[in-house]
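Residue numbers (the numbering used here), protein chains in the order written: chain A, 15 to 348; chain B, 15 to 348. C-beta: ideal position from N, C-alpha, C; glycine also. Only a predicted model underlies this, so the values are computations on that prediction, with no experimental measurement involved. A short write-up of the structure that comes next.
2 protein chains.
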Amino acid sequence: MLEILDKLTRKPQGLHEQLENVFKQMFENTCQAIEQLDDQTFVEQTWTRNDNAGWVVGNNRPNMVYVDRALQGGSVFEKVGVNYVAIEGEMPAGMTFQKTGALVTADADQVTGEKGASYFATGTSFVIHPRNPMVPIAHVNYRYFQIGDGTQPGYWWFGGGADLTPVYLFEEDAIHFHRIHKDVCDKHSSSYYPRFKAGCDAYFRIPHRGENRGVGGIFFDHLNDRSVQELLTFVKDCTEAFIPAYMPLVERRKDMAFTPENKHWQHLVRGRYVEFILTSDRGMRFGIESGMVNTQSVFNCMPPAVCWQYNDQPDSGSQEALLKEVLRNPREWL
Amino acid sequence: MLEILDKLTRKPQGLHEQLENVFKQMFENTCQAIEQLDDQTFVEQTWTRNDNAGWVVGNNRPNMVYVDRALQGGSVFEKVGVNYVAIEGEMPAGMTFQKTGALVTADADQVTGEKGASYFATGTSFVIHPRNPMVPIAHVNYRYFQIGDGTQPGYWWFGGGADLTPVYLFEEDAIHFHRIHKDVCDKHSSSYYPRFKAGCDAYFRIPHRGENRGVGGIFFDHLNDRSVQELLTFVKDCTEAFIPAYMPLVERRKDMAFTPENKHWQHLVRGRYVEFILTSDRGMRFGIESGMVNTQSVFNCMPPAVCWQYNDQPDSGSQEALLKEVLRNPREWL
């Protein structure tokens, strides 16, 4: 991958190389931690694209590259979708960035961004769907975004976070996941965890359901309130927090007994996950609306087996109803 | 239901009663035709709402009513979701209709519609997910929409259509479905079938996949190029076409043999169905963005068991690959 990104990127070489080291380490280390627990291994596919040419498998001096890894049908993990992406491009006709970083249609009068701006984006994401419904679903994604050469104030930022979606609620798991992320945040600023915890609850809301996707974690976007080097260190620490935050929960729950009813409930929870991704997730909407990303790579985040059911509200007093209560009214875990 | 809608509607009483008769007959007759083939029956739930109050089950002098029916886990039909809806309301703050009927955010400068317009909408929809993968998925929905009292030119219209989504392609099934709908269209205008067939192909496109949802049928929206009485007769004929267009296909295919691999492919096809509904369907986006509809009712269209899989492209030369080819390049069936 280093070779690909080296061809891809322009200046500043130093920063882009550092970014690659951080995201690549997260990519490799997290895949390794997952494979250690499972009987299956990841299958990898690299997609590259030159300007307006279609996506091809392989490496042909691209300006966009996706490295996808998928682990499917494992004993512990039913599906893990992983992407490592680096894109150097120009916004397609009719789309632009606002200075906040939001992607908008360029013909609305209120747009204040740059039309046809060139940009650079890189990051890594994991969506982990365990087989056992007692193991929570997890998502982690960190990314860097830059407009032009990134030298204008506000024309670069970091984004991302990590969040947990339990199918059955174990309070101690939520507390552990938040504790590890708070410790990392506190190393850099006491304001970070409260802000990013609230940001996570606000972002992973499914408005039409009046529910959050899960018990949260941290999430931030357009983060550029310090120097790029300081924030790179912060994001590096975040990427390293994911394994100790999540893997102990997998080990603790993966061999617990469960019923077909528990499994069905997991499939319903995954349905909400799909609803969030397809109606609200910024990365997915960017992908769908810009037409600039490789669809197969973007849809690598989707769960395997999923269900919808009319009248899926659980009986009051049940474990499932307790989860819904927490999803409707996000808690402070620490 | 007549009683509910009678309370709900204002003038012109005559038209609204006629609309109700058409949509109610479709609702009842299609449910009956489905129940005749299955060992399960529909469960019905009525939701009503008064202005800003929350949704409640029952009948309490509402200005919005949903009658939902769901048949789940049947021998022939794995899930059928049905809605009958009548809503009399005002657009929520920040949303308006364009004169074309499109729902848009009201604060964009280019909006030419009425802010906070009152409207009336009624219609019936069916989404039918068979158990046997050889039986195609079907969707039918017809609706009437009116802004204000509907007397201004262009302030009322009909919309809807019927379309078929095969999991395995039987050309004669697609031809039969199109033939029945063309015959109904031709009774009213020779221009209707070509326009509405093309409209259906254009509407049920999943842009990020470069595929259509199925083999189409007919679809129209903002139809008001004749008198309301003439178009009511046309729509009535369309509602009556659905049973002869679809039910013979169910009877022909429901007892065919299939493998677990066929069933898995059905779940992947349903995944595309979900992608279309959540990213592109107008009714769903109206529901999600306006916050004005009962979420449970709107999500009654979702399939039961669904799958996503990384690298889900079928082997070339397979039956599954043949279907993909037709989805990528919609055909003229007649």
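Any chain B beta carbon closer than 8 Å to M316(A):
Numbered from its first residue, the first sequence carries residue 316(A) at position 302. Cβ-Cβ to chain B under 8 Å: yes for M316(A).
So that I know if they touch, is there some Cβ in chain B lying closer than 8 Å to that of E58(A)?
Here residue 58(A) is taken as the residue at index 44 of the first sequence, counted from 1. No - not a single Cβ of chain B is within 8 Å of the one on E58(A).
State buried or exposed for V283(B), treating a residue as buried only when at least 16 other CB atoms are found within 10 Å of its CB.
For the purposes of this step, residue 283(B) is identified with residue 269 of the second sequence, where counting begins at 1. Answer is buried; the Cβ neighbour count reaches 16.
Simplified DSSP state of N6(B), which is helix, strand or coil
The first residue shown for chain B is 15 and the last is 348, placing residue 6(B) beyond what the model contains.
Taking just the CA atoms, how far does C315(A) sit from Y80(A)?
Translated into the one-based positions of the first sequence, residue 80(A) becomes position 66. Translated into the one-based positions of the first sequence, residue 315(A) becomes position 301. Straight-line Cα distance between these residues: approximately 14 Å.
Show which residues of chain B have a CB atom less than 7 Å away from the CB atom of G313(A).
The residue given as residue 313(A) occupies position 299 in the first sequence. Correcting the residue identity first, residue 313(A) is Phe in this sequence and not Gly. Against F313(A), the close residues of chain B are W322, in the order they occur along the chain (beta-carbon pairs closer than 7 Å).
Give the secondary structure of A188(A) by DSSP, where H, G and I count as helix, E and B as strand, and everything else as coil.
The residue you call residue 188(A) lines up with position 174 of the first sequence. A188(A): helix per DSSP, three-state reduction.
Backbone CA spacing between M40(B) and P274(B) [nearest angstrom]:
Locating residue 40(B) in the second sequence gives position 26, where the first residue counts as 1. Locating residue 274(B) in the second sequence gives position 260, where the first residue counts as 1. A straight line joining the alpha-carbon of M40(B) with that of P274(B) spans about 35 Å.
Cβ atoms of L348(A) and I189(A): under 8 Å apart, would you say?
Residue mapping note: residue 189(A) aligns to position 175 of the first sequence, counting from 1. Residue mapping note: residue 348(A) aligns to position 334 of the first sequence, counting from 1. Cβ distance < 8 Å, so I189(A) and L348(A) count as in contact.
Which residue's Cα is closest to the Cα of P221(B): D52(B), E102(B), Y287(B), V312(B)?
Here residue 221(B) refers to the residue found at position 207 when the second sequence is read from its first residue. Selected option, being the one with the closest Cα: Y287(B).
Run through chain A and tell me which residues come within less than 8 Å of R266(B), C-beta to C-beta.
Here residue 266(B) refers to the residue found at position 252 when the second sequence is read from its first residue. Simply none; closest approach about 27 Å.
Could you say if the region 315 to 330 of chain A and the region 200 to 218 of chain B meet the contact criterion of at least three C-beta pairs nearer than 8 Å?
Result no; under three Cβ-Cβ pairs closer than 8 Å.
Residues within the region 282 to 294 of chain A neighbouring chain B, beta-carbon criterion of under 8 Å:
Closer than 8 Å at the C-beta level to chain B, one finds these residues of the region 282 to 294 of chain A: G285, V288, E289, L292, T293.
Would a C-beta distance cut-off of 8 Å place Y372(B) and K38(B) closer than the cut-off?
Outside the modelled stretch of chain B, which goes from 15 to 348, sits residue 372(B), for which no answer is possible.
Please classify L237(A): does DSSP put it in a helix, a strand, or coil?
Taking the first residue of the first sequence as 1, we reach residue 237(A) at position 223. Strand, per DSSP.
From the DSSP secondary-structure annotation, give me the bridge partner or partners of A152(A).
Taking the first sequence and counting its residues from 1, the one referred to as residue 152(A) is at position 138. Note: A152(A) sits in a beta bridge opposite I142(A), L178(A).
Give a yes or no on whether 8 Å exceeds the smallest Cβ distance from A216(A) to chain B.
Numbered from 1 along the first sequence, position 202 holds the residue referred to as residue 216(A). No - not a single Cβ of chain B is within 8 Å of the one on A216(A).
G335(B) at chain A interface by Cβ criterion, 8 Å:
Within the second sequence, residue 335(B) is the residue found at index 321, counting from 1. Inspection of the sequence shows that residue 335(B) is occupied by Ala rather than by Gly. So no, A335(B) is outside the interface.
What are the boundary residues of the alpha helix (DSSP H) that includes Y324(A)?
Within the first sequence, residue 324(A) is the residue found at index 310, counting from 1. No alpha helix (DSSP H) contains Y324(A), which DSSP labels as neither H nor E.
Can the beta-carbon of F313(B) be found less than 8 Å from the beta-carbon of R227(B)?
Position 299 of the second sequence, counting from 1, holds the residue named residue 313(B). Position 213 of the second sequence, counting from 1, holds the residue named residue 227(B). For F313(B) and R227(B), no; Cβs fall outside 8 Å.
Let me know if G168(B) comes out buried or exposed under the rule of 16 or more other beta-carbons within 10 Å of its beta-carbon.
Against the second sequence, residue 168(B) aligns to sequence position 154. Exposed, since its Cβ has fewer than 16 Cβ neighbours within 10 Å.
In chain order, what residues of the same chain lie with their CB nearer than 7 Å to the CB of D215(B), ignoring the 5 residues before and after it?
Locating residue 215(B) in the second sequence gives position 201, counting from the first residue. Closer than 7 Å at the Cβ level, and outside the excluded window around D215(B), lie N226, G230, P344.
What separation, rounded to the nearest whole angstrom, lies between the Cα atoms of F210(B) and F233(B)?
As a position in the second sequence, residue 210(B) is number 196, starting the count at 1. As a position in the second sequence, residue 233(B) is number 219, starting the count at 1. Roughly 5 Å separates the two Cα atoms.
What do you get for Q50(A), buried or exposed, if any count of 16 or more other CB atoms within 10 angstroms of its CB means buried?
Start at 1 with the first residue of the first sequence, and residue 50(A) comes out as number 36. Around the beta carbon of Q50(A), a 10 Å sphere encloses fewer than 16 other beta carbons of the protein chains shown; the residue is thus reported as exposed.
Using the Cβ count rule (16 or more neighbours within 10 Å means buried), how would you classify V154(B)?
As a position in the second sequence, residue 154(B) is number 140, starting the count at 1. Under this definition V154(B) is a buried residue.
Report the neighbours of R223(B) on chain A: residues whose CB is nearer than 7 Å to its CB, in chain order.
In the second sequence, the residue the question calls residue 223(B) occupies position 209. Ordered by position in chain A, the residues that pass the 7 Å Cβ test against R223(B) are T309.
In the DSSP assignment, find the unbroken alpha helix (DSSP H) run with E346(B) in it and report its ends.
As a working note, residue 346(B) is residue 332 in the second sequence. E346(B) -> no alpha helix (DSSP H), and no H or E assigned at all.
May I have the straight-line CA-CA distance separating S294(A) from K338(B), to the nearest angstrom?
Locating residue 294(A) in the first sequence gives position 280, counting from the first residue. Locating residue 338(B) in the second sequence gives position 324, counting from the first residue. C-alpha separation (whole angstroms): 28 Å.
Local Cβ density within 10 Å of M148(A), reported as buried at 16 or more and exposed below that
Looking up residue 148(A) in the first sequence gives position 134. Buried, because 16 or more other Cβ atoms sit within 10 Å of the Cβ of M148(A).
For the alpha helix (DSSP H) containing T62(B), list its first residue and its last residue.
Along the second sequence, read from residue 1 onward, the residue named residue 62(B) stands at position 48. Segment 57 to 63 is the beta strand (DSSP E) holding T62(B); no alpha helix (DSSP H) there.
How big is the Cα-Cα spacing for N43(A) and E31(A)?
Here residue 43(A) is taken as the residue at index 29 of the first sequence, counted from 1. Here residue 31(A) is taken as the residue at index 17 of the first sequence, counted from 1. Taking the straight line from one Cα to the other gives about 18 Å.
Going by CA-CA distance only, name the one from L33(A), S241(A), G331(A) that's closest to T136(A).
Along the first sequence, read from residue 1 onward, the residue named residue 136(A) stands at position 122. Cα-wise, what sits closest to T136(A) is L33(A).
L336(B) vs L183(B) beta-carbon contact at 8 Å:
Your numbering for residue 336(B) matches position 322 in the second sequence. Your numbering for residue 183(B) matches position 169 in the second sequence. Yes. Within cutoff.
Am I right that G173(B) and R157(B) are in contact with their C-beta atoms under 8 Å? What's the rounded C-beta distance?
The residue labelled residue 173(B) in the question sits at position 159 within the second sequence. The residue labelled residue 157(B) in the question sits at position 143 within the second sequence. Going by Cβ atoms, the distance from G173(B) to R157(B) rounds to 5 Å, so yes, they are a contact pair.
Shortest alpha-carbon distance to V340(A) belongs to which of F272(A), E185(A), T247(A)?
Looking up residue 340(A) in the first sequence gives position 326. Looking at the Cα atoms, E185(A) is the closest of the given residues.
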